[in-house]
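Participant:
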Amino acid sequence: MTKDKIGFYMVALVAAVMLLTGTFKIVGAEDAAAEFGSTNVPYILAIIEFLTAILILTPKTRFLGIIMAASYFGGAIAFAWLNEGETPIVQMGINAVLYIGAALYHPALQGGKGAGFAKP
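Residue numbers (this note's numbering): 49 to 168.
(1) Would the beta-carbon of residue 125 fall within 8 angstroms of that of residue 143?
(2) Going by DSSP in three states, residue 64 sits in which element: helix, strand or coil?
(3) Quick check on residue 119: does DSSP put it in helix, strand or coil?
(4) By how many angstroms is the C-alpha of residue 145 removed from the C-alpha of residue 152?
(5) Since residue 62 and residue 117 should fall inside the 8 angstroms C-beta cutoff, what is the C-beta to C-beta distance between them, to a whole number of angstroms?
(6) Please name the residue in 121, 60, 55 and 91 whose C-alpha comes closest to that of residue 72.
(7) When the Cα atoms are used, what is the spatial distance from residue 50 to residue 137?
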């Protein structure tokens, strides 16, 4: 199996996690609303997760989806650390899978001489 296929599967795994957690936010919206303090927040987060997963799974928008997912999980890490006072191991793990998968899928993200963002 090639590096870009492994990278794609890692990034697709993150998209699947986002679809799953978005579904959980809608199904358990009442419980999540109590945690966030507003009834609309779980639905907004679920929509963001669904849109990001769709962007990741669409070939022409995959790079934008990767950037959005990295930003989303960065925010989740910051929220867990600052507001909940816990170490966000799960969010860090998902973010690491996303970064490694993106680097394998898009070798230009690793830097280096002559690296470009155009995928052949």
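Backbone N, C-alpha and C fix where the C-beta goes; we use that ideal spot for every residue, glycine too.
Facilitator: Concretely, from the data shown:
(1) Position 77 of the sequence shown holds residue 125. Position 95 of the sequence shown holds residue 143. Closer than 8 angstroms, so yes.
(2) Within the sequence shown, the letter at position 16 stands for residue 64. Note: residue 64 maps to helix in three-state DSSP.
(3) Counting from 1 along the sequence shown, the entry for residue 119 is found at position 71. Residue state, collapsed to three classes: helix.
(4) The residue given as residue 152 occupies position 104 in the sequence shown. The residue given as residue 145 occupies position 97 in the sequence shown. Straight-line Cα distance between these residues: approximately 11 angstroms.
(5) Along the sequence shown, one-based indexing puts residue 62 at 14. Along the sequence shown, one-based indexing puts residue 117 at 69. That pair is a contact at about 6 angstroms.
(6) Here residue 72 corresponds to residue number 24 of the sequence shown, with the count starting at 1. Nearest C-alpha to residue 72: 91.
(7) Stepping through the sequence shown from its first residue, residue 50 is reached at position 2. Stepping through the sequence shown from its first residue, residue 137 is reached at position 89. In a straight line, the C-alpha of residue 50 is about 29 angstroms away from that of residue 137.
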